[in-house]
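Working notes, structure below.
Printed below as a string of structure tokens:
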């Protein structure tokens, strides 16, 4: 027994040595390639991060430091108070609240309505679903501007100008064909036996959606939530045309007002501080939920 | 013909029969009703209205007036509209291919088996999730002639940089350069495409003595063309609708060098209150997007490679 094992292992060793001799050359070549790749990727990564570093650095300087030459990446005197100052020039706290209200309500509406619709397209058999799904896909290609003016006039007629409703209400009506598409693709991958089993157990259709599909679809729901968050948080066009009074402004509008009120481009340190604060929630969400974010992009992009 | 093709593609089934089926049919419509309502109220209705408005003059204050083809005549003589369309087209034609090339190169590099892939992926992808006014302001500062990051960098190389956003010859190029910062979005998609290519193909090619360049052009690139096709269309649609950059950074200037089409449309609607004319402009954009998309679709059979098709041939 023992000797047999030894023979086998010595044979294996011999083979392994042979293999190693080939693979050594190969590995050397591969590590040379890897080194070259790093040598390209590192400088490019620096280039990609530089704008954000520049932003942070500027936001911590005083007015004269901003225009110093040569520039200082880390200022002698770090002025954290720039952030407080920038936030107090305009009621940014209020803008933050407004943006949050719009973003989270719209996000809730989008997740609810899009998942219901995607469920219908992915799991139910009904006449017209194929044609309607093609329409969903085509609306993804429709430039928003085509519907912009009549929609504006509609909301004006309803007396919704200068309220948050134009940003929120469409979200509850399946606004966001991209999310419907994303969710439908994911729902389709779940086995249909689940539905049948649940139905036999006396579950109705809504129960299947709510208790079977939604819990299993957590990854895609998280990805969709992040996309929705990002697009509403950064939205500028709709707040620009629908909101007028300052106390209803979103962060985007606030930044725009800050930019145009306080002399275009002199208070760069304050402007950069304010911009960073506005970006921060998106950056945070990105780092926390990065995995789902990337999965979501990949899923939608390739299966499309 | 069409219904045949649709059925083969799985787009048309037989109509469900029986009581249970009827019930499921009803439930399908019910679950889809949020979108159906939304489509009728916020898409189809406005599309019809916008088509009708194209024949009207309306400043919002006084009632709309039917003016026949006057808006079309105005469009025919509107040099600004044509100029805006040209500027937007140049932006799309230059920035979309650049983004594709850069995105593919990054994806190829990140597809290699090297350490730190996650970190690289995060760094390259981060800018793509940032957008809107804050990003536009950041880049306005980077492009500042005397104190901007870009010209500082160039000065270290002994180059005196231009006034990126103040020189009509450079402003559009500055915005194109800026668009490359967001390339991570498509990079991730190419990366997924690359990972879907079976490794046996590369192994077989290597045995046949194909070098890395031949492997790229004979295996990687053809198998990536469906993804490139998809990204090309998305890129065209997106870049023709650029607005925030021009609105915040250049206000269409200098000398209309960055008068993007949607900015011009916005001005007509909400600055000059020409709602009818702006509606016509929107339709022109729609038709333009549609034409370009169709053109790309038509070209697809010359360069997009589908494995399933090749097999059935």
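Chains as they are written, first to last, in the numbering used here: chain H, 212 to 515; chain Z, 20 to 332.
A virtual CB, placed ideally from N, CA and C, is assigned to each residue, including glycine.
None of these values were measured; they are calculated from a predicted model.
First and last residue of the uninterrupted alpha helix (DSSP H) at residue i
i: residue 325/H; result: 303-334
i: residue 294/Z; result: 294-322
i: residue 361/H; result: 356-368
i: residue 14/Z; result: Shown here, chain Z extends from 20 to 332; a query on residue 14/Z therefore has no answer.
i: residue 289/Z; result: 280-289
i: residue 386/Z; result: Residue 386/Z lies beyond the range of chain Z shown here (20 to 332); nothing can be said about it.
Coil, strand or helix - residue i by DSSP
i: residue 76/Z; result: strand
i: residue 85/Z; result: strand
i: residue 288/H; result: coil
i: residue 33/Z; result: Only weak support is given to the placement of residue 33/Z: the predicted model assigns it a pLDDT of 49, under 50, and the value that follows is read from those uncertain coordinates. DSSP places residue 33/Z in coil when its eight states are reduced to three.
i: residue 130/Z; result: coil
i: residue 273/H; result: coil
i: residue 459/H; result: helix
i: residue 283/H; result: coil
i: residue 274/Z; result: coil
i: residue 429/H; result: helix
i: residue 212/H; result: Because the pLDDT at residue 212/H is just 42, under 50, the model does not fix this residue reliably, and the point stays unresolved.
i: residue 105/Z; result: helix
i: residue 175/Z; result: helix
i: residue 191/Z; result: helix
i: residue 20/Z; result: Note that residue 20/Z scores 44 on pLDDT, short of 50, meaning its location in the model is unreliable; the coordinates nonetheless yield the value given after this. The answer is coil: DSSP assigns residue 20/Z none of H, G, I, E or B.
i: residue 497/H; result: helix
i: residue 521/H; result: It is not possible to answer for residue 521/H, since the shown part of chain H is limited to 212 through 515.
i: residue 268/Z; result: helix
i: residue 388/H; result: helix
i: residue 118/Z; result: helix
i: residue 252/H; result: helix
i: residue 510/H; result: helix
i: residue 478/H; result: coil
i: residue 451/H; result: helix
i: residue 397/H; result: helix
i: residue 403/H; result: coil
i: residue 202/Z; result: coil
i: residue 338/H; result: coil
i: residue 332/Z; result: Any reading at residue 332/Z needs caution, since the residue's pLDDT is 42, under 50, leaving its predicted position unreliable; the model's value is listed next. Three-state result, residue 332/Z: coil.
Contacting residues, own chain, Cβ-Cβ under 7 angstroms from residue i (five flanking each side not counted)
i: residue 334/Z; result: Residue 334/Z lies beyond the range of chain Z shown here (20 to 332); nothing can be said about it.
i: residue 470/H; result: 482
i: residue 316/H; result: 379
i: residue 333/H; result: 395, 398 and 399
i: residue 118/Z; result: 198, 199, 202, 205 and 254
i: residue 456/H; result: 373
i: residue 301/H; result: 465, 468 and 469
i: residue 260/Z; result: 281
i: residue 492/H; result: 444
i: residue 330/H; result: 398, 420 and 424
i: residue 191/Z; result: 106, 109, 110, 276 and 277
Supposed close pair residue i, residue j - CB separation, criterion 8 angstroms
i: residue 53/Z; j: residue 439/H; result: So it is not a contact: roughly 15 angstroms between Cβ atoms.
i: residue 504/H; j: residue 437/H; result: 5 angstroms
i: residue 69/Z; j: residue 361/H; result: 5 angstroms
i: residue 484/H; j: residue 279/H; result: That pair is no contact at about 17 angstroms.
i: residue 208/Z; j: residue 246/Z; result: 6 angstroms
i: residue 501/H; j: residue 434/H; result: Wrong, their Cβ atoms sit about 11 angstroms apart, outside the cutoff.
i: residue 268/Z; j: residue 358/H; result: In fact, because the Cβ distance is near 26 angstroms, the residues do not count as touching under 8 angstroms.
Top-ranked residue by Cα proximity to residue i, from the options
i: residue 343/H; options: 353/H, 355/H, 354/H and 328/H; result: 328/H
i: residue 267/H; options: 479/H, 495/H, 502/H and 509/H; result: 479/H
i: residue 49/Z; options: 411/H, 489/H, 270/H and 340/H; result: 340/H
i: residue 336/H; options: 403/H, 382/H, 306/H and 449/H; result: 403/H
i: residue 90/Z; options: 303/Z, 218/Z and 165/Z; result: 303/Z
i: residue 346/H; options: 230/Z, 59/Z and 154/Z; result: 59/Z
i: residue 128/Z; options: 290/Z, 270/Z and 214/Z; result: 214/Z
i: residue 84/Z; options: 134/Z, 94/Z, 92/Z and 73/Z; result: 73/Z
i: residue 42/Z; options: 415/H, 251/H and 306/H; result: 415/H
Nonlocal neighbours in the same chain, by C-beta distance under 6 angstroms from residue i, ignoring five residues either side
i: residue 200/Z; result: 146
i: residue 371/H; result: 377
i: residue 447/H; result: 463
i: residue 287/H; result: none
i: residue 383/H; result: 320 and 324
Beta-carbon proximity list for residue i, same chain, < 8 angstroms, skipping 5 on both sides
i: residue 115/Z; result: 251, 254, 255 and 258
i: residue 102/Z; result: 275 and 278
i: residue 459/H; result: 309, 373, 374 and 375
i: residue 1/Z; result: The structure shown does not extend to residue 1/Z, since chain Z is modelled only from 20 through 332, so no value can be given for it.
Any non-hydrogen atom of the ligand GTP closer than 7 angstroms to residue i Cβ
i: residue 315/H; result: Annotation note on the ligand GTP: not contained in the displayed structure, which lists no ligands.
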